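Chemist: Here it is, the structure in full.
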Amino acid sequence: MNLQQDLRDTAQRITDARRWPDFVASAYSGFELATRTSRALVDAGSVESLARFAEAERAATDGRDTLRAAPGCMNAYGPLGAPITITATDIERTEAALSRLADALNDRFGAALDEPLDAAELVAFSQALDAADRLQRMLAQEVDDGDLP
Amino acid sequence: MATFRDLATEADRHLVTATKRIGTLSQAEAAQVARELAMLARTCGRILDDVVDGRPDHTTDGAPWIRAAQDTRDRVGSCERQLVRAATAYAPDETMLSRRAPGPAAPLRAAVRHLGLAEELLQADLSVGANGTRAPKAAGPYGLGDPDTARELVDLTGRWIGLVGEVTGGLASQIQIPRRSFRVDVEPTIRLFQQVADSARHVHTVLTATTGQRAQASERLALLPRSRTGEQRPLIFAVSDVNELLRHGAENAKAVRAALQPKPWRPKKTTPPHRSAPAMRYTATSAGSAHANAAIVVRQLAARATELSGPPDTRRALERGAEALIDTAHAWYSAGRAWDGLITTATHLADPAVHSTGAVMKLGRAAFADPDWTPASRNAPVRPAAEFATDTDTLRAATTHIHDLVATYAGTARSIQRAISELHNDRAIHHTRADGRTSAAPDERVAALHGAYADVIERTVTAEHWLRSASAPGRSRLDAPALASADFPTPPLAHTDPDATDQPPDARTAAPARHARRA
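As structure tokens, this is what we get:
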């Protein structure tokens with residue numbers, strides 16, 4: 001399966017997840033795939049785009065780590081998958097698919113914060129939403145100084 | 150490490166969500182929302198206290214927002230008490246309040262949590278006298294003692310209290326609709342809510358009218374608390390002069406370096422646990438982006454050297470320097486990734502992250518013709534070569550600033566490498582195992598981390614060499630070996646890294662990790 005399709009399918013799984021564990025697992029996969037994809041974009045992109053893709057990678061990694069450390073989630077997930085390689089001609093399409101994944105993560109974590117959550121879940125999901133939000137804005141160019149801690 | 154602005158921005162986001170969530174509420178939900186609003190009002194009151202305390206005579210100090218803060222403080226306290234009363238009257242049975250925050254209250258609770266932490270940060274900027282009186286630790290341009298910062302805090306607090314008024318007003322309207330279904334007489338509660346709403350709106354009007362601004366959480370608030378963010382961190386985002394931006398970028402790099410100096414690395418037992426590996430990843434990513442931006446600058450300097458008909462050696466040295474800086478950027482990114490899955494509680498390692506963004510931003514705004522550049526900027530045009538230097542002297546000065554930055558970051562990498570070794574000897578670096586438990590990180594894992602920084606140092610040495618050659622053309626050695634390192638004659642540059650010569654040989658000569666791009 002090609003990378004763009006994989007990104008779109010993962011976004012769809014996140015959007016479609018109905019059970020809580022399915023959502024958390026698909027969101028973790030989404031952040032993990034976003035991490036590897038952003039990393040590949042860092043390697044494939046021009047020097048002008050390095051900072052943007054590196055920040056995107058960091059946001060995706062933060063989201064993944066947040067979910068890895070979330071209550072009840074720690075043991076469920078393995079290490080990073082295989083590295084991804086992207087050619088220069090694929091950068092734009094990959095970015096578009098990654099943006100769609102970031103949108104799905106952002107939407108679902110935003111909605112999840114309206115659900116009944118205990119304090120630990122609230123913190124984990126709030127941080128995951130923040131990471132998804134940063135990832136989305138890095139890709140969509142809607143960012144200001146405040147996004148840079 | 151979060152600053153006041155980070156937390157306030159996050160709280161703002163939750164508050165916006167909260168205002169959209171006040172629909173038809175159950176009795177328990179309405180009570181829960183009222184309790185969270187009370188906590189929000191309490192936190193706002195504390196922030197006003199932090200701003201007002203320690204100003205010797207707030208009625209005569211000439212700042213209307215300080216007087217407004219003092220004058221409205223009691224009314225904010227009253228809002229809090231009335232909200233608690235309303236919540237208690239509304240849901241007298243504690244069992245009605247679920248352990249879980251109901252939907253409408255959840256974003257409010259999140260906002261309160263973030264603002265509570267933000268307020269705690271403010272306290273770090275206050276000293277407490279023997280008689281319990283509090284005062285800003287220092288006057289000056291940044292921190293709680295700064296009048297402009299105080300004004301912005303008052304303005305923000307006014308906006309938050311305004312939101313308390315809006316949400317409480319919405320609450321009063323909503324519970325009038327299903328009032329018959331409630332098990333208590335709601336009339337007194339509705340009156341209380343309406344009083345709170347009116348009172349909070351009044352406070353909002355008074356506070357924001359005196360501050361005369363509609364503030365977004367600005368750069369000033371990123372400098373709070375001053376005691377943590379460093380007293381010398383300048384506000385220079387308005388600076389547009391390229392050489393000034395480059396000089397400030399090099400200064401930021403020094404601040405990153407300086408933040409790594411405290412020793413020992415091993416955390417004290419009294420230090421609260423603080424996972425610093427993510428901060429190290431952040432520092433490394435920022436260093437990578439700073440070097441990437443530096444590469445763009447140096448590439449343009451090379452073009453400018455041609456335009457100025459400078460010595461060909463200078464142009465070639467700059468071109469090779471730009472290539473080496475790109476390699477160094479990737480090496481820093483790889484070093485950041487090498488922290489993946491590792492855990493350490495060495496608190497000093499978290500400190501550099503506070504300063505890391507500065508160098509990225511200054512170098513980025515120097516490299517690109519966009520005064521609002523951020524790493525998210527897409528397709529920002531690179532600044533024309535002619536803007537980087539008017540003559541060979543300014544070109545050399547710009548090159549020297551970049552060299553300073555690179556040399557300082559090399560020192561940072563060496564310090565981190567040394568810290569990694571010390572922490573590993575103390576078994577203070579852990580990793581998460583496949584079964585989810587943590588244990589001391591194995592030697593090979595730490596060796597990879599150490600090697601990633603060795604790779605950074607190796608590539609930095611190459612970049613430093615070409616930048617030195619370019620800034621001192623009379624001594625350029627284009628055929629010099631790429632890893633001439635510290636043995637290479639030191640040119641008369643403004644900055645030399647004091648630690649560059651006190652490193653153990655293995656810090657400079659350790660076998661480099663295989664670079665991710667070259668693997």
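Quick note, the sequences are listed as chains D and U, same order. Our numbering applies: residue 1 is where the first sequence begins, and numbers increase by one. Our numbering applies: residue 150 is where the second sequence begins, and numbers increase by one. Each residue gets a CB set at the ideal place from its N, CA and C atoms; glycine is no exception. Predicted, not measured: the structure shown is a model, and the values here were computed from it.
Leaving out five residues on either side along the sequence, give the residues of the same chain with a beta carbon under 8 angstroms from the beta carbon of residue 15 (chain D).
Modeler: Taking the first residue of the first sequence as position 1, residue 15 (chain D) is located at position 15. Taken in chain order, the residues that qualify are 104, 107 and 108.
Chemist: Using a Cβ-Cβ distance cut-off of 9 angstroms, determine whether residue 659 (chain U) contacts chain D.
Modeler: Stepping through the second sequence from its first residue, residue 659 (chain U) is reached at position 510. Bear in mind that the predicted position of residue 659 (chain U) carries a pLDDT of just 40, short of 50, making it unreliable; the figure below should be weighed with that in mind. Not an interface residue.
Chemist: Hey, could you find the ends of the alpha helix (DSSP H) residue 26 (chain D) is sitting in?
Modeler: Here residue 26 (chain D) refers to the residue found at position 26 of the first sequence. Looking at the DSSP string, the run of the alpha helix (DSSP H) that includes residue 26 (chain D) is 20–44.
Chemist: Could you confirm whether any beta carbon from chain U is found closer than 9 angstroms to the beta carbon of residue 169 (chain D)?
Modeler: One cannot answer for residue 169 (chain D) here, as it falls past the ends of chain D, which runs 1 to 149.
Chemist: I want to see whether chain D comes within less than 9 angstroms of residue 448 (chain U), judged by CB atoms only; does it?
Modeler: The sequence position of residue 448 (chain U) within the second sequence is 299, counting from 1. For residue 448 (chain U), the answer is yes, since a Cβ of chain D falls inside 9 angstroms of its Cβ.
Chemist: Taking Cβ-Cβ distances shorter than 9 angstroms, what residues in chain U pair up with residue 24 (chain D)?
Modeler: As a first step, residue 24 (chain D) is located in the first sequence; it is residue number 24 there, counting from the start. The contacting residues do not exist; residue 24 (chain D) stays about 15 angstroms from chain U at best.
Chemist: Among U:318, U:522 and U:348, which one has its Cα closest to the Cα of residue 339 (chain U)?
Modeler: The sequence position of residue 339 (chain U) within the second sequence is 190, counting from 1. Ranking the options by Cα distance to residue 339 (chain U), first place goes to U:318.
Chemist: Quick one: measure Cβ to Cβ for residue 256 (chain U) and residue 171 (chain U), integer angstroms, because I've assumed they're closer than 8 angstroms.
Modeler: Here residue 256 (chain U) is taken as the residue at index 107 of the second sequence, counted from 1. Here residue 171 (chain U) is taken as the residue at index 22 of the second sequence, counted from 1. Not really, about 10 angstroms apart at Cβ, beyond 8 angstroms.
Chemist: Show which residues of chain U have a CB atom less than 8 angstroms away from the CB atom of residue 55 (chain D).
Modeler: Sequence index remark: in the first sequence, residue 55 (chain D) carries index 55 (1-based). Within chain U, the residues near residue 55 (chain D) are 434, 438, 524 and 525.
Chemist: Classify residue 5 (chain D): buried if its beta carbon has 16 or more other beta carbons within 10 angstroms, exposed otherwise.
Modeler: Here residue 5 (chain D) is taken as the residue at index 5 of the first sequence, counted from 1. That one is exposed.
Chemist: By alpha-carbon positions, which one of U:393, U:310 and U:557 ends up nearest to residue 505 (chain U)?
Modeler: For this step, residue 505 (chain U) is matched to residue 356 along the second sequence. Measuring from the Cα of residue 505 (chain U), the nearest candidate turns out to be U:557.
Chemist: Can you tell me whether DSSP reads residue 524 (chain U) as helix, strand or coil?
Modeler: Mapped onto the second sequence, residue 524 (chain U) falls at position 375. In this structure, residue 524 (chain U) counts as coil in the three-state DSSP scheme.
Chemist: Residue 312 (chain U): which of U:336, U:284, U:510 and U:261 sits nearest, CA to CA?
Modeler: Here residue 312 (chain U) corresponds to residue number 163 of the second sequence, with the count starting at 1. The residue with the shortest Cα to Cα distance from residue 312 (chain U) is U:261.
Chemist: Which residues in the same chain have their Cβ closer than 7 angstroms to the Cβ of residue 573 (chain U), if we skip the five residues on either side of it in sequence?
Modeler: Position 424 of the second sequence holds residue 573 (chain U). 595, listed in sequence order.
Chemist: Starting from residue 427 (chain U), find everything on chain D with Cβ-Cβ shorter than 8 angstroms and list it in chain order.
Modeler: Counting from one through the second sequence, the residue named residue 427 (chain U) turns up at place 278. What residue 427 (chain U) touches in chain D: 62 and 65.
Chemist: So what does DSSP say about residue 283 (chain U), is it helix, strand or coil?
Modeler: Working through the second sequence from its first residue, we reach residue 283 (chain U) at position 134. DSSP places residue 283 (chain U) in strand when its eight states are reduced to three.
Chemist: Would a check of beta-carbon distances place residue 114 (chain D) closer than 9 angstroms to chain U?
Modeler: To locate residue 114 (chain D), count along the first sequence from 1; it is residue 114. It does: the Cβ of residue 114 (chain D) has a partner Cβ on chain U nearer than 9 angstroms.
Chemist: Please report how far the alpha carbon of residue 602 (chain U) lies from the alpha carbon of residue 476 (chain U), in whole angstroms.
Modeler: Taking the first residue of the second sequence as position 1, residue 602 (chain U) is located at position 453. Taking the first residue of the second sequence as position 1, residue 476 (chain U) is located at position 327. Their backbone Cα atoms lie some 13 angstroms apart in a straight line.
Chemist: Using a cut-off of 9 angstroms between C-beta atoms, extract the partners of residue 107 (chain D) located in chain U.
Modeler: To locate residue 107 (chain D), count along the first sequence from 1; it is residue 107. Neighbours of residue 107 (chain D) on chain U: none; closest Cβ ~13 angstroms, over 9 angstroms.
Chemist: Do you know offhand how far residue 75 (chain D)'s Cα is from residue 126 (chain D)'s?
Modeler: Here residue 75 (chain D) is taken as the residue at index 75 of the first sequence, counted from 1. Here residue 126 (chain D) is taken as the residue at index 126 of the first sequence, counted from 1. Residue confidence for residue 75 (chain D) is low, a pLDDT of 46 falling below 50, so the modelled location carries little weight; the figure read from the coordinates is stated next. Rounded to whole angstroms, residue 75 (chain D) to residue 126 (chain D) spans 21 angstroms at the Cα level.
Chemist: Per DSSP, what kind of secondary structure is residue 273 (chain U) in: helix, strand or coil?
Modeler: Taking the second sequence and counting its residues from 1, the one referred to as residue 273 (chain U) is at position 124. Here residue 273 (chain U) sits in coil by DSSP.
Chemist: In chain U, which residues lie less than 8 angstroms from residue 58 (chain D) when you measure between Cβ atoms?
Modeler: To locate residue 58 (chain D), count along the first sequence from 1; it is residue 58. Here the neighbours are 430, 431, 434 and 485.
Chemist: Whose CA, out of U:469, U:511, U:309 and U:276, lies closest to the CA of residue 185 (chain U)?
Modeler: Residue 185 (chain U) sits at position 36 when you count from the first residue of the second sequence. Selected option, being the one with the closest Cα: U:309.
Chemist: Would you report the Cα separation of residue 183 (chain U) and residue 63 (chain D), rounded to the nearest angstrom?
Modeler: Walking along the second sequence from the start, residue 183 (chain U) turns up at place 34. Walking along the first sequence from the start, residue 63 (chain D) turns up at place 63. About 32 angstroms.
Chemist: Would you call the CB atoms of residue 534 (chain U) and residue 450 (chain U) closer than 9 angstroms?
Modeler: As a working note, residue 534 (chain U) is residue 385 in the second sequence. As a working note, residue 450 (chain U) is residue 301 in the second sequence. In this structure, residue 450 (chain U) lies closer than 9 angstroms to residue 534 (chain U) by Cβ.
Chemist: Find the nearest neighbour of residue 514 (chain U) within the set U:532, U:465 and U:357, judged by alpha-carbon distance.
Modeler: By one-based count along the second sequence, residue 514 (chain U) stands at place 365. That would be U:532, whose Cα lies nearest to the Cα of residue 514 (chain U).
Chemist: Can you list the residues of chain U that residue 130 (chain D) reaches, using a CB-CB cut of under 9 angstroms?
Modeler: Residue mapping note: residue 130 (chain D) aligns to position 130 of the first sequence, counting from 1. Those within 9 angstroms of residue 130 (chain D) in chain U are 159 and 162.
Chemist: Can you give me the C-alpha to C-alpha distance between residue 501 (chain U) and residue 45 (chain D), rounded to a whole angstrom?
Modeler: Here residue 501 (chain U) is taken as the residue at index 352 of the second sequence, counted from 1. Here residue 45 (chain D) is taken as the residue at index 45 of the first sequence, counted from 1. Taking the straight line from one Cα to the other gives about 27 angstroms.
Chemist: From residue 258 (chain U) to residue 548 (chain U), what does the alpha carbon distance come to, in whole angstroms?
Modeler: The residue you call residue 258 (chain U) lines up with position 109 of the second sequence. The residue you call residue 548 (chain U) lines up with position 399 of the second sequence. Between residue 258 (chain U) and residue 548 (chain U), the C-alpha separation is close to 51 angstroms.
Chemist: Excluding five sequence neighbours on each side, which residues of the same chain lie with their C-beta closer than 7 angstroms to the C-beta of residue 50 (chain D)?
Modeler: Your numbering for residue 50 (chain D) matches position 50 in the first sequence. 42, listed in sequence order.
Chemist: Alpha carbons only, please: which of U:352, U:342 and U:276 is nearest the one belonging to residue 323 (chain U)?
Modeler: Along the second sequence, read from residue 1 onward, the residue named residue 323 (chain U) stands at position 174. Considering only alpha carbons, the answer is U:342.
Chemist: Roughly how many angstroms lie between the CA atoms of residue 351 (chain U) and residue 345 (chain U), to the nearest whole one?
Modeler: On the second sequence, position 202 is the one that residue 351 (chain U) refers to. On the second sequence, position 196 is the one that residue 345 (chain U) refers to. Roughly 10 angstroms separates the two Cα atoms.
Chemist: Return no unless some Cβ of chain D is closer than 9 angstroms to the Cβ of residue 489 (chain U).
Modeler: The count along the second sequence starts at 1 and reaches residue 489 (chain U) at position 340. Judged by the 9 angstroms Cβ criterion, residue 489 (chain U) is in contact with chain D.
Chemist: Name the chain D residues that come within less than 9 angstroms of residue 445 (chain U), Cβ to Cβ?
Modeler: Locating residue 445 (chain U) in the second sequence gives position 296, counting from the first residue. The contacting residues are 47 and 48.
Chemist: Rounded C-beta distance between residue 306 (chain U) and residue 356 (chain U)? I'm assuming under 8 angstroms.
Modeler: The count along the second sequence starts at 1 and reaches residue 306 (chain U) at position 157. The count along the second sequence starts at 1 and reaches residue 356 (chain U) at position 207. That belief holds up - the Cβ atoms of residue 306 (chain U) and residue 356 (chain U) are roughly 7 angstroms apart, short of 8 angstroms.
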